[in-house]
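Chains as they are written, first to last, in the working numbering: chain A, 214 to 555; chain B, 191 to 509.
What follows is the structure, encoded as structure tokens:
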């Protein structure tokens, strides 16, 4: 009796194993890793895409931009994702193929603050740089008064709050400050982690927001998507045309459109401090990093299919999830780049 | 097919059951694996920090700047922050924890003692991120509005209590670490106090000692190994704690004399920057910080061993 039971068990498990293996074979599995900022829309895209193509399964791990680039370099994932474009040096490290950058959506970074009795503030680039360099130390400073005529600002010390961990958000923020302030560029520079002249570090967007809420007279920066979803008030920033612009989907997309014609062929471009009256100056692309050569033809076809879908139907999901969609001019250019994947 | 396999398996089990040999071998493997994991850990930390060790050498330990853009890395602010917050935590939690353990094991009625111990052990099981969140939303405003202004007013002549009161900083981090470590001290100290043989207490009482004299002069010295052990376990937890600390310390990589100022710890910066560290030097410097933390832990453990040896010798004369 016991022997029979065991044999039956073996057979059943054999069937099960074959069944599971069969299901795995049927779906082409593609693995990606990288930036956390676009993770929400990426998960949504991969889910929706799976509904349309039952045979393609895309997995995404949001480990951070740096980790995405690292894993792509080591060949442990099929594609990476980053809020910061790869450097020439990083691209050269991958010898098997050349990495292509595909912008997917846009994000903005906004100044947010906690000043009693003040809801809407304007910031000029010089003021922002001055505050984050530790040169403007009081809310009643003349520069802030000049940006905000008629607003009653307290005679209190400013507490600066920044992200404590390396992040794409910090990169965009410091990249912008480097473009508008030569002093910031020489003293601090643009990077995902920098040596901050002043301020407290909060961990993650929630840490920065929590610290700002807890600290009267503080100022920090968060992603537009985070501010929008959590209904956090944020300030307007003066763009290169001299207009104070508040970040929203349109003004962020406008920043990308302003660069559409002058964009390098490989899409590795910073779109901070964009020209144009309607453009919000602290905006960025976020990129998918896709190798131009795949050994496996089905894998290549699956990725190409996904990229085409992402640039057309996929873009419609962006606003619902608080991301700014790509301008049409950029989509057209990217569709041409897809042909480079072999 | 199945029959011979099963009998072989049964034989193996039998040998294991009544064979000291097998038990010896298996436990040896377990013990060796602990050793191997430690060696492997040091090896990995050593290899992956090579770029940073080659560039900075020993100066890494004494350099004060941490600038990922200019690729200048120094460990001193982090060593300072780690040691300072852990020491602050122990200054607060050791008297509290040992005192509470003495009360729970010697003086409290058993029912109260058991309830309290259960609650304390629950505290030890709370994830650190929860402590961190609690600290941000309750401890930080309390510190900023009441405690820090009070300290500045009364003890402000000391450099320890100067500068703006952010609520975020060394002192708050030390406090939250004290809350997190003291369940360990209470729980283990209480166990070792309870393990003191009844005869010891009875002998002391018979000699005419009061309850307190018997507790303080006989029971506590008898249980000192367990108590010291609990303190070092607490210290180890404080040194390595990451989430709760990074949420309240302010994450500022510089050295301040004031306890109210923001700082940084080794575990916090590794957790914060490793994900997005690019290039060669930045990740290597972070790994080297891990190596430094490992060294600090080893030095403190060695100190603990020495302390235990020293107190045991002194104690044995009394026996």
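Glycine residues also receive a C-beta, built at the ideal position from the N, C-alpha and C atoms. Owing to the predicted nature of the structure, the values given are computational and were not obtained by experimental measurement.
Per-residue burial, residue i [other beta carbons within 10 Å of its own, 16 or more giving buried]
i: residue 475 of chain B; result: buried
i: residue 466 of chain B; result: buried
i: residue 199 of chain B; result: exposed
i: residue 488 of chain A; result: exposed
i: residue 509 of chain B; result: Any answer about residue 509 of chain B is weak, because its pLDDT of 39 lies below 50 and its placement is not dependable; what the coordinates show is given next. Label assigned to residue 509 of chain B: exposed.
i: residue 397 of chain B; result: exposed
i: residue 304 of chain A; result: buried
i: residue 322 of chain A; result: buried
i: residue 401 of chain A; result: buried
i: residue 387 of chain B; result: exposed
i: residue 384 of chain A; result: buried
i: residue 215 of chain B; result: exposed
i: residue 531 of chain A; result: buried
i: residue 443 of chain A; result: exposed
i: residue 360 of chain B; result: buried
i: residue 228 of chain B; result: exposed
i: residue 334 of chain B; result: buried
i: residue 210 of chain B; result: exposed
i: residue 416 of chain A; result: buried
i: residue 497 of chain A; result: buried
i: residue 402 of chain B; result: exposed
i: residue 236 of chain B; result: exposed
i: residue 217 of chain A; result: Residue placement at residue 217 of chain A is flagged as unreliable, the pLDDT there being 47, under the threshold of 50; a coordinate-derived value is accordingly withheld.
Of the residues the options, the one placed nearest residue i, counting alpha carbons only
i: residue 336 of chain B; options: B:320, B:326, B:357; result: B:357
i: residue 380 of chain A; options: A:395, A:469, A:280, A:264; result: A:280
i: residue 364 of chain B; options: B:387, B:428, B:423, B:229; result: B:428
i: residue 461 of chain A; options: A:479, A:409, A:450; result: A:450
i: residue 551 of chain A; options: A:529, A:537, A:522; result: A:522
i: residue 443 of chain B; options: B:462, B:317, B:430, B:368; result: B:462
i: residue 491 of chain A; options: A:533, A:257, A:456; result: A:456
i: residue 326 of chain A; options: A:298, A:440, A:378; result: A:440
i: residue 540 of chain A; options: A:554, A:555, A:514, A:484; result: A:484
i: residue 431 of chain A; options: A:419, A:417, A:412; result: A:412
i: residue 269 of chain A; options: A:549, A:375, A:553, A:520; result: A:520
i: residue 276 of chain B; options: B:399, B:401, B:339, B:453; result: B:453
i: residue 338 of chain B; options: B:271, B:348, B:438, B:354; result: B:354
Separation of residue j from residue i, as counted between CA atoms
i: residue 242 of chain A; j: residue 313 of chain A; result: 20 angstroms
i: residue 493 of chain B; j: residue 324 of chain B; result: 33 angstroms
i: residue 379 of chain B; j: residue 426 of chain B; result: 16 angstroms
i: residue 381 of chain B; j: residue 230 of chain B; result: 34 angstroms
i: residue 154 of chain B; j: residue 362 of chain B; result: Because residue 154 of chain B is not part of the residues shown, which for chain B are 191 to 509, the question remains open.
i: residue 241 of chain B; j: residue 261 of chain B; result: 12 angstroms
i: residue 357 of chain A; j: residue 506 of chain A; result: 52 angstroms
i: residue 528 of chain A; j: residue 477 of chain A; result: 22 angstroms
i: residue 406 of chain B; j: residue 313 of chain B; result: 27 angstroms
i: residue 542 of chain A; j: residue 469 of chain A; result: 9 angstroms
i: residue 306 of chain B; j: residue 267 of chain B; result: 39 angstroms
i: residue 339 of chain A; j: residue 365 of chain A; result: 20 angstroms
i: residue 481 of chain A; j: residue 299 of chain A; result: 8 angstroms
i: residue 403 of chain A; j: residue 335 of chain A; result: 23 angstroms
i: residue 421 of chain B; j: residue 213 of chain B; result: 33 angstroms
i: residue 327 of chain B; j: residue 450 of chain B; result: 17 angstroms
i: residue 498 of chain B; j: residue 273 of chain B; result: 21 angstroms
i: residue 410 of chain B; j: residue 389 of chain B; result: 14 angstroms
i: residue 481 of chain B; j: residue 414 of chain A; result: 24 angstroms
heavy atom of the ligand MG below 7 angstroms from residue i C-beta
i: residue 247 of chain B; result: Absence of the ligand MG is noted for the structure shown, with no ligands found whatsoever.
Next item on the list: Report the residues of the region 364–394 of chain A with a CB closer than 7 angstroms to any CB of chain B, ordered along the chain.
Entry: Answer in chain order: 370, 372, 377, 378, 379, 380.
Note to self: Give me the subset of the region 398–409 of chain A whose CB atoms are less than 9 angstroms from a CB atom of chain B, sorted by chain position.
What the structure shows: Listed by position along the chain: 401, 402, 403, 404, 405, 406, 407, 408, 409.
Check: What residues from the region 235–266 of chain B come within 9 angstroms of chain A, judged by C-beta to C-beta, listed N to C?
Finding: Result list: 255, 256, 257, 258, 259, 260, 262.
Next item on the list: Inspect the CB distances between the region 304–323 of chain A and the region 490–505 of chain A and report whether three or more fall short of 8 angstroms.
Entry: Touching, yes, given that three or more Cβ pairs across the two stretches are closer than 8 angstroms.
Checklist line | Stretch-stretch touch, CB-based, cutoff 8 angstroms, three pairs: the region 439–457 of chain B with the region 402–420 of chain B | finding: No, the region 439–457 of chain B is not in contact with the region 402–420 of chain B.
Next item on the list: Check whether the region 287–307 of chain A touches the region 247–259 of chain A, taking contact to mean three or more Cβ pairs, one atom from each stretch, closer than 8 angstroms.
Entry: A contact between stretches requires three or more CB pairs, one per stretch, nearer than 8 angstroms, and the region 287–307 of chain A meets this requirement with the region 247–259 of chain A.
Next item on the list: Would you be able to state if there are at least three C-beta pairs under 8 angstroms between the region 367–379 of chain A and the region 218–236 of chain B?
Entry: Contact fails: fewer than three Cβ-Cβ distances are below 8 angstroms.
Note to self: To be precise: take each residue of the region 440–458 of chain B, compare its Cβ to all Cβ atoms of chain A, and keep it if any distance is under 7 angstroms. Which residues remain?
What the structure shows: Residues passing the 7 angstroms Cβ filter: 440, 441, 442, 452.
Check: Along the region 353–375 of chain B, what residues have a CB closer than 8 angstroms to any CB found in chain A?
Finding: Taken in chain order, the members of the region 353–375 of chain B whose beta-carbon sits within less than 8 angstroms of a beta-carbon on chain A are 354, 356, 357, 358.
Item checked: Contact between the region 283–297 of chain B and the region 364–374 of chain B (3+ Cβ pairs under 8 angstroms) -> Judged by Cβ distances under 8 angstroms, the region 283–297 of chain B makes contact with the region 364–374 of chain B, as three or more pairs qualify.
Margin query: Count Cβ pairs between the region 335–352 of chain A and the region 383–397 of chain A that sit closer than 8 angstroms; are there 3 or more?
Written below: They touch, by the three-pair rule.
Item checked: Residues of the region 461–493 of chain B with Cβ closer than 7 angstroms to any Cβ of chain A, in chain order -> Hits within the stretch, in order: 462, 463, 465, 466, 467, 468.
Next item on the list: Identify each residue in the region 238–251 of chain A for which the Cβ-Cβ distance to at least one residue of chain B is less than 9 angstroms, and report them in chain order.
Entry: Going along the region 238–251 of chain A in chain order, one finds 249 with a Cβ nearer than 9 angstroms to chain B.
Item checked: Members of the region 432–460 of chain A near chain B, C-beta cut-off 9 angstroms -> Cβ proximity to chain B below 9 angstroms picks out nothing from the region 432–460 of chain A.
Margin query: Under 9 angstroms, CB to CB, which of the residues in the region 324–355 of chain B have a partner in chain A?
Written below: Interface annotation for the region 324–355 of chain B against chain A: 326, 327, 330, 331, 334, 354, criterion Cβ-Cβ distance under 9 angstroms.
Notebook entry, point to check: Got a sec: which bits of the region 260–288 of chain A sit with their beta carbon under 9 angstroms from any beta carbon on chain B, in order along the chain?
Noted result: Taking 9 angstroms as the Cβ-Cβ cut-off against chain B, the residues of the region 260–288 of chain A that qualify are 276, 277, 278, 279, 280, 282, 283.
Margin query: Counting only Cβ-Cβ distances shorter than 8 angstroms, please list the residues of the region 419–430 of chain A near chain B, keeping chain order.
Written below: From the region 419–430 of chain A, only 420, 423, 424, 427, 428 have a Cβ closer than 8 angstroms to chain B.
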